[in-house]
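Chemist: In my numbering, the protein residues as written are 313 to 614.
Ideal placement from N, C-alpha and C gives every residue a C-beta, glycine not left out.
Just passing along the structure, written as C-alpha cells.
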Amino acid sequence: MKRDKAPSPDGFSLEFYKDAWSVVKDFVIRAFQHFFQTGNMPKFINSTTLTLIPKKINLTNVCFVDDLCILSATNVKYISSVKKVLYYFGEIIGLKLNLKKSLVCFVGIEDEDHLNITLGIIKASLPIKYLGIPLNTKQLNSRYCRSLIDKINAKIGCWGARQLSYAERLNLQQSVIFGMYNFWCRKVFLLSFVIKKINDILINFFWHGKSEGKGKTKVSWKDMNSPKKEGGLGLKDVVEWSNACMARHLLNICVDKDTLWIRWINTYRLKGVSVWRVQKRSIDTNTWSKLLNLSPFIRPNV
C-alpha cells in the first residue's frame, strides 16, 4: 500500500501510522488483542464521520419530511398573521414556505377567492393528503386507500426479480411492508376491502414471491399469524393490529392525554361523560362509532 493511501474512505493513511506509530501503537495493539480475545469488534471501528458539503451558495432548504397542518379562522386578519408567522419562521430557521407545494382548504366560506389571493397558496378541496394519508370529513373509500396498496405492490415489484428465500421474504414482511401499513393503522380504520387486499398480497409474496396471482399454500395464513411459541411465524394479523392501533386512542382519551384532538373529543363528544359510558348516536361519525365498538373489549383490561 502506498504511503498516501488509506484502507477505507474515512480512514488514516499509511503514512500517518508510520510517522505516529510511537503514539498510536499501544491503542492499535490493544484493539487487535481485544478482538482476538473476545471476538467482538470495538464500537469505534464501525464509527464514521460524515461531512456534508453544500453544493450551492446560501442554501435555505432542507430535505426531510415535516409536513405542517395549520388551522386558522378564515378572515383577512388571521390569514395575514399566519402568512407573516411563516415568513419570519423561514427567516429565522431557514425553512421557507414553498408556495408551489402548499395547499389551502376553505370550509364553509363564501369569499374564498379573496382570502386565497391574500394567502397566495393553491386552493384545494377535501380530501387532501397529509403525511401520505387522505384527510376527509367522510369515511375513506377504497379509491382513497388505493395509494397504500399501490405502494406495497411497487415495493414487492422491486423484489420480484430476486430469488428470495422464505426467511428473506418473512423478514421483509415483518419490517418494510409492516411499516407501510402500520403507519395507516395508527391513523385511520382500514376498510375491510383494504385489509383483505393486504392479506392477499402478503400471502402471495411469502409463498410465491409476487404480489398477485393464485397458488397453493402449505400452511393457513391464520396459523402463520400465530405466535412463535405456538408454532406460528409471529406475523401480525392486519385486522387485529388495526383494532389494536385504534384502541390506543381510547386509552389516550382515558388518561386524558394532552392533545388537541382529545381536548376536542372531551368538549364535543364526551361532555363530561366517561369514554366507557358514552352512548353511540346516529349522528356519530363512522370512525367514532368504530372506536366506541372497541370499548367492551378494552375496558376489562384497563
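#1: Identify, in the order they occur along the chain, each residue of the same chain with its Cβ nearer than 6 angstroms to the Cβ of D549, setting aside the five sequence neighbours on each side.
#2: Looking at the structure shown, is F376 part of a helix, part of a strand, or coil, going by DSSP?
#3: What residues in its chain sit with their C-beta under 6 angstroms from that of V377, if we drop five residues either side in the sequence?
#4: Taking the alpha carbon of D423 as the point to measure from, which residue in Y493, D462, I391 has its own alpha carbon closest?
#5: Taking contact to mean 3 or more Cβ pairs, one atom from each stretch, closer than 8 angstroms, check whether the stretch 439-457 and the stretch 490-500 are in contact.
#6: On a Cα-Cα basis, can you pick out the residue from D596, W600, W588 that is closest to S607?
#7: According to DSSP, is L398 helix, strand or coil?
#8: Apart from the five residues on each side of it in sequence, which residues of its chain come closer than 7 angstroms, Cβ to Cβ, to K592?
#9: Which residues bound the beta strand (DSSP E) around Y580?
#10: Which residue or residues does DSSP assign as beta-bridge partners of V615?
#11: Straight-line CA distance for V615 to F517?
#12: Please name the residue in S384, R342, L514, L563 whose C-alpha comes closest to that of S523.
#13: Verify whether the separation of the beta carbon atoms of L489 and L562 is less than 8 angstroms.
#14: Which residues mark the beginning and the end of the alpha helix (DSSP H) in which I507 is found?
#15: If you run the structure through DSSP and keep just helix, strand and coil, what is N613?
#16: Leaving out five residues on either side along the sequence, give the residues of the same chain with a beta carbon under 6 angstroms from the beta carbon of S384.
Modeler: According to the structure shown:
#1: Along the sequence shown, read from residue 1 onward, the residue named residue 549 stands at position 237. Cβ contact annotation for D549 (same chain, cutoff 6 angstroms, sequence separation greater than five): N537, in chain order.
#2: Within the sequence shown, residue 376 is the residue found at index 64, counting from 1. Any reading at F376 needs caution, since the residue's pLDDT is 45, under 50, leaving its predicted position unreliable; the model's value is listed next. Looking at F376 - three-state DSSP - the assignment turns out to be coil, as it is neither helix nor strand.
#3: Reading the sequence shown from its first residue, position 65 is the one you call residue 377. For V377, the pLDDT reaches just 47, beneath the cut-off of 50, and the residue's location in the model is therefore unreliable, leaving the point undetermined.
#4: Position 111 of the sequence shown holds residue 423. Here the closest residue by C-alpha is I391.
#5: Because the criterion of three Cβ pairs below 8 angstroms is met, the stretch 439-457 and the stretch 490-500 touch.
#6: As a position in the sequence shown, residue 607 is number 295, starting the count at 1. Among D596, W600, W588, the Cα nearest to that of S607 belongs to W588.
#7: Walking along the sequence shown from the start, residue 398 turns up at place 86. In the structure shown, the three-state DSSP call for L398 is helix.
#8: For the purposes of this step, residue 592 is taken as the residue at position 280 of the sequence shown. Taking K592 as the centre and dropping the five residues before and after it, the same chain places the C-beta of S601, L604 closer than 7 angstroms to its C-beta, in chain order.
#9: Sequence index remark: in the sequence shown, residue 580 carries index 268 (1-based). DSSP places Y580 in no beta strand (DSSP E); its state is neither H nor E.
#10: Only positions 313 to 614 of the chain appear in this structure, which leaves residue 615 out of reach.
#11: No answer is possible for residue 615: the residues shown for the chain start at 313 and end at 614.
#12: Here residue 523 refers to the residue found at position 211 when the sequence shown is read from its first residue. In terms of Cα proximity to S523, the closest of S384, R342, L514, L563 is L514.
#13: One-based indexing of the sequence shown puts residue 489 at position 177. One-based indexing of the sequence shown puts residue 562 at position 250. One detail in the question is off: residue 489 reads as Ile in this sequence, not Leu. No.
#14: For the purposes of this step, residue 507 is taken as the residue at position 195 of the sequence shown. In the DSSP assignment, I507 falls within the alpha helix (DSSP H) that extends over 504-520.
#15: By one-based count along the sequence shown, residue 613 stands at place 301. Under the three-state reduction of DSSP, N613 is assigned to helix.
#16: Position 72 of the sequence shown, counting from 1, holds the residue named residue 384. Here the set comprises Y390, V394.
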